[in-house]
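Below is one structure, written out as structure tokens; comments come after it.
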Amino acid sequence: MDLFIQTLINGLLLGGIYISVGIGFALVFGVLEVIDFAVGEYVMVGAFAGSVLAAGLGIDALFVVPLVFVAFYAIGFFVQPFLHHVTTSNVPMPILMALVFTFGVAFFARGGILTTFGPNTREVPTSIATGGVTVSAIGTFPVARVLTGIFGIVAVAAFLYYLYNTKGGLAIRAIAEDRTDARLMGINIARYQSVAYGMYAGLTATAGVFIGIIFAADPGMGMQYTAFAFFMVVLAGMGYLPGIIVSGLVLGVAQAMFSTYVSGAWVFFVLFALVYVVLLVSPQGILGRGEPVS
Amino acid sequence: MSKREGSLPPRLESIVYTADGDGYDWRLAWGIVAVLLVAIPWLGAGTFELRILIGVLMWIGLAQSWNMIGGYAGYLDFGHGAYFGIGAFVTGIAMVSLSLPFLPALVLAGIFGAVFAYAIGVPTLRLKGAYFAIATWAFAEAMRQLALLLDITGGTSGLTLPSTMAAFGIPLPDLPRVIYLYYIMLVLSVGVVVLTYVLFEHHEFGYKVKAVRDNEDAAESLGIDATRIKRQVYVLSCTTAAVLGGAYAFYITFVHPQEVLDSMITAQMVIMALVGGLGTILGPIIGGALIFLLDRLSALYFGSDTMYISLMGLLIMLVVLFAPDGIVGLLTGETDASDIRSNLNSLLEKFKFQ
Amino acid sequence: MAKRNQRPAATSSQHRRRFLQVAGATGAAGLTGFAGCLGDFDEEQDDRDVFRFGAVTSLSGDLRFGGTITERGYDLWEQRINENGGIEIDGTSYEVEIEYADAQSEPSTGADAAEQMIDSGIDALFGPYSSNVTLAVAPIADREQIPHITGSAESPEIWEQQYEYTFGTIPAGNVIASESAGSIFDFQPQAESVYITGVNDPFTSDTAEAMREAAVDHGIEVLDYELFPRDADWTSPVSAAMDEDPDLHFHAAHIEAHVDFLNAARDLGYDPDGFFSHYGVDTESFAEGLGEDAAHIFGATVWLPRLDRGGDALFDSPQAYADASESAFDVTPDYTQAGSTAAGIVYQEALQELGAAPPLSSEQQSELVDILEEVEVETFYGDINFETDGDLYHSNVATDILTIQRTADGFDVVAPDELRESEPTYPAPAWDER
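Here the protein sequences line up with chains B, D and U, keeping their order.
In this text, residue positions in the first sequence follow UniProt numbering: the first is 1, and each later residue adds one.
In this text, residue positions in the second sequence follow UniProt numbering: the first is 1, and each later residue adds one.
In this text, residue positions in the third sequence follow UniProt numbering: the first is 1, and each later residue adds one.
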């Protein structure tokens, strides 16, 4: 088996994981202008929800995905009004305030899970998404990662479809454009913002179930996904949703190639330095399609 | 500005008096606080109490240092903790590899921090808002990874510093080490607070900074060099963080990248400044003291229950929702019961989905 | 804040009132409140009929796994000894009391915690989990001259520093890793090559280095040796290793990174003759994280519930200890937990030898350390005897090191020969043949 091709596969599938986490984050960033520090904690809580539900119901974790999505959609729907209140309050830096609020949410979630479930890792049980499929002369495709990648890309496609082909999507885009105008057009801001945030929470928690299947559920896993979500939107160009697919794949492949052919130890240093340099050189992302620096 | 008491030199006067000219009470009360702070090691405070006070002072200094760039200049520096870590490592390396005493090592940390901050600040300050926030954060994480990989920082093993006062730089009487550390931190922390107060509340510089924050174009049209002002604030705030990091290294005597370059350090500074009251002089003092004490003491006394982490989260959420002017706002009466009620009403508004 | 640029036209009295509010509240939140909550600890110092211990552990943060294991170990000792009436000194029994503080996985919090406990007048300290926090606490124990036994810190760096007041019941991680690795190299058919990966954290990088040295000593070819950051994705390292096709794969990491690594190895079908990780293979967290895929992994331990070892005053045998743990916490103990409990038993023996009633004076505490240096205790955990000089200063060197292999529902000891429970399944079956 060719190491180069296998590394490429590893990188692309790693990119799939990033896409599944990044899409919701990019949405709330682009539409609601909220930098959500709790993104990784939604992944973490989602993984725990998957673990508990699958074990409790005695079914494969893949089948609890719809349940987790609905539950977290509902949670997100009722979290958004709080953020809405913060972002529209009469303070000098409402965006910063919202960010700090999500910081509080992250602490709350992490402490709650740690207290409830203790510090141990938990398996998210599945018998379907296990092992790998080897395609001769190409390489091995781990099933769980392939499914995660498919989920990520379907989520992006579904999101884009929703945004550009439905009434709700139109409303959300109008809000993203200008809140005041949207209100004048008779759009219920509270509802559609909650829909957007609910979708974000639902999708991110669902990504958490997949990530839990690939790795395991663990109360400390959130931070790293928050970091990756940040990477994703920066490289994609802030506010440019389709860019998420490109940035996820670039990030995944770059990481895998660097790790295999240059140095494993230096890989995160290079990633962070890359994000920093991209921001300085091309703040609108590697595709140059993000929102201009205002 | 008050000119009632001509006996004070004007420079001192500007420190002592409030801008309203009604400074007398403040001076008296601050005097008492200052005497208390200086006297506390001799009033029966044990090693543990002094250690906690060292923590309080350090975090007040750090929160204030973040407040310069984050509160007064309005730039969300999410990589501020990097300078704390850089200061700690420069001090550590100077003391271990170059065998320098603490004082010159600390000066070196300050100089290095300033030069580094200037080099980073020039390109990074061209970014704004979330872009600046994420860029600084990526920079700080890159620094942490770098420190784990370099030999000079001790890599994954970290650095162990000399732990006796012999390494201080000046011969000292034989007192418990913690007392000296307390005074070192007291001088630095009070220094940062006074510096902030003078520069940002009572100096032309502060008005320029606020003008740039509130409207950069308008400020420039008034002849203020916004770029220059922003660089100055950034370098100043980062340098103070680096100096505090250096003192911390000498205090804890063990410097490790996963600790001194942890992103939680920045997060804590932000939360402290915000919960206390952003862009005010008192805010970071109150926020720094309160959050540090809450966090540290609950870890020490209720350590067997991790629930306190959630409660911290809840506190942050409540402050942001109902008292966004921070605790200072509550204390000064700027946020009162009617504000909280109207915040609650406006929050309930947001639940109307029909 | 919204109004912060408009100066409020306050009158003098308003100003004073506002100031007093601020000053009063700051004071209350800061100095007084804090002094108040410390006050009551100093009072009980004089006259008490219990031995008081302080335990610094990481209950949150990155090291919370180990922290809670450690806590359970200390807890069980406290429970059991108090059920037995306590420590008997001159015909009177004294109960023991352990207070815990969360080190938050951070050296500075751990150091503050230790200092607080010493200040409150404890008789001795139980050590934190992890070398980072221990390296911050040990100098404090030395400075304050307080005995300090850690039941879980494994990093060799601690012993190299030669702290006079700090002892450890668990052998250093590099010793465990290198002995255990050596035994695996002796399995038939003998391995010729090994591939070593690890996480670049303090303890794990020491372990990885020890594995490499063991390989070199045994004349095994090290195909590659590379460290990765925490939270790295392991598919690429696994693919790179597969490409080299080694006989053995050694991985030096904490539990989460083992689980991630082995999941990646399974998914990519990476099948060396054996996987070995020194730390955590015997824990429930490892088993829970991997489920069925945990089988056949090699690990190391220094203690097992079913070992044929003698007992002590509290626990008749390793099994009796395991039963006590099952009934108290519903958890099968691992060697970290056992080592932590054993730390308590060492204190108990040493205190009886000292023969002083609580509270201990500082001379008595120093005497206690002298006793600890000489102590030779037989416990359910094994013999305990601390090294008195060299690079393993004050580390327990009396314990056997066991190589284990996971089975479908537990694990067996596969080396050394005299303690072997079953022949190693070696080479281990491929992932898809299990």
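All C-beta atoms, glycine included, are put in the ideal place defined by N, C-alpha and C.
Practice problem: Could you tell me whether any Cβ in chain B is nearer than 8 angstroms to the Cβ of G110/D? | Solution: no
Practice problem: Let me know if Q6/B comes out buried or exposed under the rule of 16 or more other beta-carbons within 10 Å of its beta-carbon. | Solution: buried
Quiz prompt | Bounding residues of the beta strand (DSSP E) (the contiguous stretch that carries G198/U) | solution = 193-199
Quiz item: L146/D and F269/B: beta carbons closer than 8 angstroms?
Solution: yes
Quiz item: Going along chain U in order, which residues have a C-beta closer than 8 angstroms to the C-beta of I309/D?
Solution: S60
Exercise. Kindly identify the DSSP beta-bridge partner or partners of H251/U.
Key: T197/U
Quiz item: Which of the residues in the region 218-243 of chain D, read from start to end, lie with their CB under 8 angstroms from any CB of chain C?
Solution: Absence of chain C from the displayed structure is noted, the protein chains being B, D and U.
Practice problem: Would you give the residue range spanned by the alpha helix (DSSP H) that Y18/B belongs to? | Solution: 3-32
Quiz prompt | Residues near F37/B in its chain [Cβ-Cβ closer than 7 angstroms; skip 5 each side] | solution = L99, T102, F103, A106, T226
Quiz item: For I98/U, which residues from the same chain have a beta carbon less than 6 angstroms from its beta carbon, with the 5 sequence-adjacent residues on both sides left out?
Solution: F53, A55, Y74, E78
Quiz item: Which class does R306/U belong to by DSSP, given the choice of helix, strand or coil?
Solution: coil
Quiz item: If you scan the region 24-68 of chain D from start to end, which runs of the alpha helix (DSSP H) of 4 or more residues do you find wholly inside it?
Solution: 24-39, 47-67
Quiz item: What residues from chain U crowd round H256/D, counting only those whose CB sits closer than 8 angstroms?
Solution: P107, N132, P202
Practice problem: Would you mind reading off the limits of the beta strand (DSSP E) that contains G274/U? | Solution: 274-276
Exercise. State yes or no: is the C-beta of P358/U within less than 8 angstroms of the C-beta of F51/U?
Key: yes
Quiz item: By how many angstroms is the C-alpha of A313/U removed from the C-alpha of I176/U?
Solution: 28 angstroms
Quiz item: Straight-line CA distance for D262/D to R144/D?
Solution: 7 angstroms
Quiz item: Should H203/D be labelled buried (16 or more other beta-carbon atoms within 10 Å of its own) or exposed?
Solution: exposed
Self-check item: Expected contact under 8 angstroms - CB spacing of A88/D and G283/D to nearest Å
Solution: With a Cβ gap of about 25 angstroms, A88/D and G283/D do not count as contacting.
Quiz item: Does any CB atom of chain B fall closer than 8 angstroms to the CB of K208/D?
Solution: no
Quiz prompt | Extent of the continuous beta strand (DSSP E) run through V135/B | solution = 132-135
Quiz item: Looking at C-beta atoms only, is the number of pairs between the region 67-84 of chain D and the region 305-317 of chain D that lie closer than 8 angstroms three or more?
Solution: no
Quiz prompt | Run of the alpha helix (DSSP H) containing S93/U, from where it starts to where it stops | solution = First-last for S93/U: 92-102, but that is the beta strand (DSSP E), not the alpha helix (DSSP H).
Quiz item: With T153/D and P202/U assumed to form a contact (beta carbons below 8 angstroms), what rounded beta-carbon distance in angstroms separates them?
Solution: Between P202/U and T153/D the Cβ distance is about 13 angstroms, and since that is not below 8 angstroms, they are no contact.
Quiz item: Which same chain residues, not among the five before or five after T287/U, have their C-beta less than 7 angstroms away from its C-beta?
Solution: A small fix is needed here, since residue 287/U is Ala in this sequence, not Thr. Result list for A287/U: A294, in chain order.
Practice problem: Output the distance between the C-alpha atoms of G313/D and A273/D, rounded to the nearest integer angstrom. | Solution: 15 angstroms
Quiz item: DSSP three-state call for residue 357/D: helix, strand or coil?
Solution: With chain D covering 1 to 354 only, the question about residue 357/D has no answer from this structure.
Practice problem: If I'm right that A343/U touches L368/U with Cβ under 8 angstroms, what's the distance once you round it to whole angstroms? | Solution: Contact flag wrong, Cβ pair sits at about 13 angstroms.
Quiz item: What three-state label does DSSP hand L402/U in the structure shown?
Solution: strand
Quiz prompt | Where the alpha helix (DSSP H) through A232/U begins and ends | solution = No alpha helix (DSSP H) contains A232/U, which DSSP labels as neither H nor E.
Self-check item: C-alpha distance - residue 303/B paired with T180/B, whole-angstrom precision
Solution: Within the shown structure, residues of chain B are numbered from 1 to 294, placing residue 303/B beyond reach of any answer.
Quiz item: Using the rule of at least 16 other Cβ atoms within 10 Å of the residue's Cβ for burial, across every protein chain shown, is Y131/D buried or exposed?
Solution: buried
Self-check item: Chain-order list of residues whose beta-carbon lies under 7 angstroms from that of L63/U (same chain, five-residue window excluded)
Solution: S105, Y129, S130
Quiz item: For the region 102-121 of chain B, which residues have a CB atom closer than 8 angstroms to at least one CB atom of chain D, in sequence order?
Solution: F103, G104, V105, A106, F107, F108, A109, R110, G111, G112, L114, T115
Practice problem: For D218/B, return the contacting residues in chain U, with the cut-off set at a CB-CB distance below 7 angstroms. | Solution: E256
Self-check item: DSSP three-state assignment for A217/B, whether helix, strand or coil
Solution: strand
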